[in-house]
Ligand SMILES: *Cc1c(COP(=O)(O)O)cnc(C)c1O
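In full-length UniProt numbering, the protein residues as written are 1 to 276.
Written as structure tokens, this is what we have:
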């Protein structure tokens, strides 16, 4: 378990009204930034979805973001998924939403159609933690090898479910980053797409950690080109490979200009992280 989890009760559901207001303002600002960037880039309104990156935030903070309009969340650590899932699912159900995969294995309610809030894993997943996230998350964004994809696929088939996956690509080449080599991305996506139990939904990258806009943009543009080539090759199992998960607090406008369909934002919604 990570040390900060000893200092903060991530299952906590009650936060004060000042904190609710901060988070509400944060969500509104980010939704405005996205709308402006879509319009500046000549893209349709609503073509980019906001994923709230919720690492180190507790259930109360995450629900404040959902109440302010967030409709997709992403966690980094399987342990955090496990600690928060039950509370989040219960509070979402009270509001008429479903979140992630329900305990009966369904991704949407069998009864009245409800708004579904996808629950993604956006951080690295060790094979011994697959069982911790599979009962809850709809999509794993951090798949970067065929071995890992095969392990997740085997588990999914065992549970009788289909798990969404994005192939993470290390476009910046920074050694500290996970993700596959961009030169292998197309072939890898095609092999992942062929596995039973997985639904290949797109590609993910983390922008280069530099100030130079051109460098950041080049990585995003290359991810988009890779996605387009995968779709054009039309290998069976790659038909749904449409999403481009790219853009965070500091580079979301650039990512949207380069074709992002999901931006993963933490700091601009919740403020600076006290841990990590
Ligand atoms: C933390 C995190 C984000 C969000 O980062 P911010 O800079 O806080 O917006 C996005 N993607 C991943 C993979 C992350 O770990």
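Yeah, the Cβ is synthetic: ideal placement off N, Cα and C, and Gly gets one too.
Are there any heavy atoms of ligand 1 lying less than 6 Å away from the beta-carbon of residue i, as far as the coordinates show?
i: residue 170; result: no
i: residue 122; result: yes
i: residue 28; result: no
i: residue 249; result: yes
i: residue 53; result: yes
i: residue 264; result: yes
i: residue 14; result: no
i: residue 128; result: no
i: residue 139; result: no
i: residue 261; result: no
i: residue 56; result: no
Let me check understanding here. Comparing Cα to Cα, which of the options lies closest to residue i?
i: residue 75; options: 271, 266, 8, 272; result: 266
i: residue 71; options: 207, 271, 263, 15; result: 263
i: residue 215; options: 258, 63, 245; result: 258
i: residue 43; options: 255, 272, 269; result: 255
i: residue 211; options: 205, 178, 227, 250; result: 250
i: residue 179; options: 124, 15, 244, 7; result: 124
i: residue 120; options: 164, 91, 152; result: 164
i: residue 54; options: 48, 23, 172; result: 23
i: residue 194; options: 226, 159, 237; result: 237
i: residue 80; options: 177, 222, 12; result: 12
i: residue 272; options: 57, 223, 235, 38; result: 57
Our contact map puts residue i next to residue j with C-beta atoms below 8 Å; I'd like the distance itself, whole angstroms only.
i: residue 122; j: residue 145; result: With a Cβ gap of about 17 Å, residue 122 and residue 145 do not count as contacting.
i: residue 52; j: residue 34; result: Actually they are not in contact, since the Cβ atoms of residue 52 and residue 34 sit about 12 Å apart, beyond 8 Å.
i: residue 169; j: residue 205; result: 5 Å
i: residue 202; j: residue 239; result: Not quite, the Cβ-Cβ distance comes to about 11 Å (not below 8 Å), so this is no contact.
i: residue 59; j: residue 91; result: 7 Å
i: residue 282; j: residue 171; result: Any property of residue 282 remains undetermined from this structure, which presents the chain solely from 1 to 276.
i: residue 64; j: residue 15; result: 6 Å
Using 8 Å as the Cβ pair cut-off and three pairs as the minimum, do the segment 182-196 and the segment 131-140 touch? no
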